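Structure, as structure tokens:
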Amino acid sequence: MRPKRESWSPLDFYEAAHVPAADDQTALSIEIPELSATLYPYQKKTIQWLLKREGVCWNVSGPDSVSSIEDLPAPQDADGAYSFRKVRDPLATGRPLYVSHLYHAITTDLAPFQHAEQSVRGGILAEEMGLGKTIEIIGLITLHRRSLTEKVVYTGEGEELLTTGATLIVTPDSLRQQWMEELERHAPHLKVRYYPGRKHVKTDAEEELRVDLASQDVVITTYPILSAEVHFAMKPPRDLVVKKEICLDEAQMIESGVTGAAAVARVLPRINAWGVTGTPVKNDVKDLYGLLEFLRYEPYASSAQVWRALTESHKTLFRSLFESIALRHTKQLVRHEIAVPPQKRFVITLPFTAVEEQYYGEMFKKMARRCGMNTLGAPLQTKWTLEDYENEMRTWLNRLRQSALHPEIVQRRTTGRKVGPMRTVEEVLDAMIEQSDNDIRNDHRAYLQTRLTHGQMLENSPRVKEALEIWETVKESAAVLVVECRQELKLVLEELSAMGKSAASVSALSTRDDASASVYDDEGEADDGTSNPRVGEARAKLRHALEVLHKATFFCANAIFQIKSNSDMTEPDSDEFKKLQQLEDAEYGKAQDIRREILSDGHDRAMSLIEKLGRQAHNQTFVEIPELVYTEMKGLESGPPLEMLERLHGILNEQANRIDEWRETVIQLLCQALIDQESEVEVTGEEFMDSTKIQEELIVHVQVLRAAIADRQEAISGLENQLIKHETRVSLAAAENGDGPAPEKLLALYRLRDEVKPSPDDYGSLRRVVSDLRAVASRLPKDGTGGRASTEGEIVHRHIRATQAHITSQTKVATALEREVDRFTSAMNARVEYYRQLQAVSDSVAPYEGPNDDQAIAACVTSEERHQIKLGSAKAKHRYYTATGMLPEANKNQVARTSGIYSHFSADKLAQINDIELASLSFGTKIDTLVRHILWLRESDPGAKFRSFLEILGAAFDLYKIGFSTIDRPNGITRFKGDPGIECFMLHGRANSSGLNLVNASHVFLCEPLLNTALELQAIARVDRIGQKNETTVWLYLIEGSVEESIYNLSVKRRIDHMGQSSKAKSKDSTPEIQEPTLEAANTLELEQASLNRLMSRDKNAGEAVAAEDLWECLFGQVSQRITADVTDGIIEEDDV
1 MRPKRESWSP LDFYEAAHVP AADDQTALSI EIPELSATLY PYQKKTIQWL LKREGVCWNV
61 SGPDSVSSIE DLPAPQDADG AYSFRKVRDP LATGRPLYVS HLYHAITTDL APFQHAEQSV
121 RGGILAEEMG LGKTIEIIGL ITLHRRSLTE KVVYTGEGEE LLTTGATLIV TPDSLRQQWM
181 EELERHAPHL KVRYYPGRKH VKTDAEEELR VDLASQDVVI TTYPILSAEV HFAMKPPRDL
241 VVKKEICLDE AQMIESGVTG AAAVARVLPR INAWGVTGTP VKNDVKDLYG LLEFLRYEPY
301 ASSAQVWRAL TESHKTLFRS LFESIALRHT KQLVRHEIAV PPQKRFVITL PFTAVEEQYY
361 GEMFKKMARR CGMNTLGAPL QTKWTLEDYE NEMRTWLNRL RQSALHPEIV QRRTTGRKVG
421 PMRTVEEVLD AMIEQSDNDI RNDHRAYLQT RLTHGQMLEN SPRVKEALEI WETVKESAAV
481 LVVECRQELK LVLEELSAMG KSAASVSALS TRDDASASVY DDEGEADDGT SNPRVGEARA
541 KLRHALEVLH KATFFCANAI FQIKSNSDMT EPDSDEFKKL QQLEDAEYGK AQDIRREILS
601 DGHDRAMSLI EKLGRQAHNQ TFVEIPELVY TEMKGLESGP PLEMLERLHG ILNEQANRID
661 EWRETVIQLL CQALIDQESE VEVTGEEFMD STKIQEELIV HVQVLRAAIA DRQEAISGLE
721 NQLIKHETRV SLAAAENGDG PAPEKLLALY RLRDEVKPSP DDYGSLRRVV SDLRAVASRL
781 PKDGTGGRAS TEGEIVHRHI RATQAHITSQ TKVATALERE VDRFTSAMNA RVEYYRQLQA
841 VSDSVAPYEG PNDDQAIAAC VTSEERHQIK LGSAKAKHRY YTATGMLPEA NKNQVARTSG
901 IYSHFSADKL AQINDIELAS LSFGTKIDTL VRHILWLRES DPGAKFRSFL EILGAAFDLY
961 KIGFSTIDRP NGITRFKGDP GIECFMLHGR ANSSGLNLVN ASHVFLCEPL LNTALELQAI
1021 ARVDRIGQKN ETTVWLYLIE GSVEESIYNL SVKRRIDHMG QSSKAKSKDS TPEIQEPTLE
1081 AANTLELEQA SLNRLMSRDK NAGEAVAAED LWECLFGQVS QRITADVTDG IIEEDDV
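Quick note: the sequence shown, position 602, residue 602 per the UniProt record's numbering, numbers continuous.
Right, here's the structure in full:
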């Protein structure tokens, strides 16, 4: 029967790990004079256990440390083996019979299984982080110094292996220097060498390196280096070294067993093997498989089936196994033994600045709408389910958390802006005001467009006068908008001019009402200022405003025409009729002027390029393709390559003629006159459609020109243009199916191109001819006696020089032809863009063809009112932003709260922090307060060093001359420890900081609350650990009324639940004080229960992972009722728009 699967968690390992007996007097007598550090009692018991796992033990009677080590007695014949039980032999043979349900085995001989257990030397040192695993390993190395009896041993395959008493320590790269420093400080008598990898060792120095490493006590390397050695390790050379022991620091890095480092560590020759890690289980107990592989614990290391069975259905056997090979102390167990200075914890609640509060409030409202809820977290639909909105809620929770840190983080994520310095709050406010101004323009334009449509529904009816009244009001509003846009563009251009940049000439589309002009460079590229984003944006705004004004003016002229032409409204030939006629003509004239201004930019650009092509055609200044002239002389041996050269010259000359024909056709098509807006030619509205035929013919001619020029380049150099080849293949395939521009014309042109294409197989290339001629020259005699060979040589060298000259000249011409085709393309695109704009303007005043019954008109009026409300909301928001920029500095009276875990901070000291004056620049409430806090600590706690969490702080730290380093910078850790000018160390949640020792720091700043407390505890443990000499302080910053407050409350509630406290006390102010031992126990439980690999989101742009069932609580827990009232009341709810 298949064993029942059991429920597992990381606690199954942590509870199974061995804890030495408290009364082990032999272990407590351990003394290591060579070790400069004083060992705590639990560390001595740990070292005794480490020694026993290596087959030796501490002997109390020894005169010195080294001689106090003796071998353990060989194990007596045991009547059992792991997982086996003795059963009655059904055959009554008298032999013992053993059964293992784990191995699915029955045997009468336990010897192989017993040998497998006894051959495992080493194990897993899993002390809780901060308890001194490093010093315990150094103590083991110092005590158990192996004496070598043989310098060389041989493997079963006959390979020579050098033996050594050295210990190999493999560590993350970030901890390498820390290991070197700890060994130097605590065991200076040990010989230590860093191994940089074989790729940094010269081949002739390998033997010297091997001997040097074998003479060391400790060799240190890193996981990346070990991974790079995988190919050497899998095929062992004869210079391998048998080491006393291998120690993997932060051994959880080989949990899968499939990495290069894991593969190398598994096969390296050694006597003992140790996995050192405070967090061996990151997700679940299956993570331990890589460690058993490294320890070579059979059969688990080679049988995935046995390991799977053990970790699914044999929990008792699992615990028994790891009780024998793993050891773990927790801080709770040994707190009474160690002397770590006390730690204080404070949470400081900060208010948003006015700008941040507005930004966050708007984001919160958008979040609620996108997640199908109101701002109190109530679903807007009865069928709302978490599954439908989980991804949306997760995305918005991440954005809200980022905005609570600084609005710029969200903007960088959503807009993709990754370059440039971090913006201050004032700069963010300027951006928000600018965006608000754009929103007003867009909303205003949408409102006016709706009004125009309303008028169209009323024209051609007895209500045409109502339509005229609507259009007149729209025209007045649009005219004001145009004036504003002109002024904005003028200011932008003047500002650029004042900055010394080349300002674009101000055309009708720019700042004037009548004339138009554009400046173009020699290549026909317009210098119209659009290369500057601000100028381009301002021009676009003006164009949109002019489009609305054009429609309103044209519609007014139409309405006047209808009123004039309706005899029921106007008597023919009356004074009123004549007055309306004049007014109609004036309005149509104004509409034509506005349309001309809208099209002026595109018209000017296209005409500039067309006129330039016309001047070139008139002056015959286009690229001229020189004719290739062949010299008739040829020799006997040079005959074949020269015949090829003759044929190649002929086909290239034919091709040049064909290229000239196509260029002339393209120029003629491009130089066809545009419809002149000032002429009397009537615009039909079909100009864009008519131009497409010319456009298609232009496209196919340009395509074949590019292909022919590429053919010519190939015939010159012998190199094929793969891009042109691909484009040609795609175009021909489409044309054969009747797709693409002018397919029949394209196929015909490509057939003509093939007629003059110099095929490489038939014609070769000019470079090939040169190569063949040089080969001929190399075969000719060089005795200089004259005769046929000398004449042949002269002919060959003459042709080589001439052909090389042709290659140079023809290459220049082909390159010039490519540039010329690019200019053709620019002119072609300018033409079609002009006609596209012309078509768009014509379409914009086309007669209304939609429904115009009473229901449709009512719907339009409703939409009009909705746009008006939205416009009013945008204007109110803009007024608020503008007023915000003039508000006094935000209230700096931050409040220090208490939760039982985090305590009160002195109000007087908090006031001192708030009173520190910063420069006028502000980076937001959280960053500003952090800067003030660090500046205050600089004065009140001289010599203290601090660490931070966010990269964003760097800009503020640089501004206020606060020296800092980060874990991501080269030598960042070393600088923080050794450079007195470095006051802060920044560590982010994704950093591999396990094992990092930062006891020179005494303050930890947590810039945001974390739901997964294990992340917080790991960060704090870098400072709060053995070796810390100063009292430490943890400062947790959170923003009041934000998701940070909800996350903090939920996190505290869970930690209190772990402590067995009442979970009813949710208020931070009402939570009772918690005793330190109780908190210590809860912290240990938190770390042991956490699946560490799953604490951070897989999305690298996001932060910590949040379970689906926690999303609502994090978003709305105690926040939704605290969104600032004057923000939500001062701005009309967009939900109602």
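Note that beta-carbon positions come from the ideal geometry of N, C-alpha and C, so glycine has one too.
Model, not experiment: these values are computed from the prediction.
Residue i, enclosing beta strand (DSSP E) - first and last residue
i	result
E70	69-71
K344	343-350
L1038	1032-1039
F322	No beta strand (DSSP E) holds F322; the alpha helix (DSSP H) holding it covers 315-325.
H1003	1003-1006
F964	964-966
R176	No beta strand (DSSP E) contains R176, which is instead part of the alpha helix (DSSP H) from 176-186.
R85	85-87
Span of the alpha helix (DSSP H) around residue i
i	result
I254	That residue, I254, is in no alpha helix (DSSP H); it is neither H nor E in DSSP.
C485	464-498
N272	No alpha helix (DSSP H) contains N272, which is instead part of the beta strand (DSSP E) from 270-276.
S844	788-844
K564	533-565
W58	Where W58 is concerned, there is no enclosing alpha helix (DSSP H), although the beta strand (DSSP E) it sits in stretches over 56-58.
I594	575-619
I47	41-53
Other residues of its chain near residue i: CB distance less than 8 Å, five sequence neighbours each side excluded
i	result
V306	L102, Y103, P299, Y300
L746	V700, Q703, V704, S731, L732, A735, G740
D217	I141, R145, G165, A166, T167, L190, K191, V192
T570	I563, K564, E576, F577, L580
Residue from the options whose Cα sits closest to the Cα of residue i
i	options	result
S863	L448, R308, S174	L448
A251	L642, A273, A707, L268	A273
T142	E184, L397, A126	E184
S567	S7, A557, L580	L580
K344	V1023, K612, A1108	V1023
T453	E466, P462, N442, R441	E466
I651	L670, S638, L628	L628
R1054	A907, A775, L1011, E1044	L1011
I694	L674, N398, R712, A708	L674
E182	E637, Q358, I137	I137
Beta-carbon contacts of residue i that lie in its chain and below 6 Å, excluding the five residues immediately before and after
i	result
F561	E584
N721	A710
residue 1168	With the chain running from 1 to 1137 in the structure shown, residue 1168 is simply not present.
S9	none
A538	E488, L489, V492
K133	L125, E127, V276
A16	R319, F322, E323
L935	I916
Own chain, CB closer than 7 Å to residue i, minus 5 neighbours either side, in chain order
i	result
G981	G963
T974	Q177
I338	Y40, I1026
R534	V492
V56	I69, E70, D71, L72, H144
Residues sharing a beta bridge with residue i, DSSP
i	result
C247	I169, W274
P379	M373
V218	T167, V192
F957	F957 pairs with nothing; no bridge assigned.
H878	Answer is none; H878 lacks a bridge partner.
H18	L327
Every unbroken beta strand (DSSP E) inside the segment 89-154 [3 residues or more]: 97-100, 105-107, 122-125, 152-154
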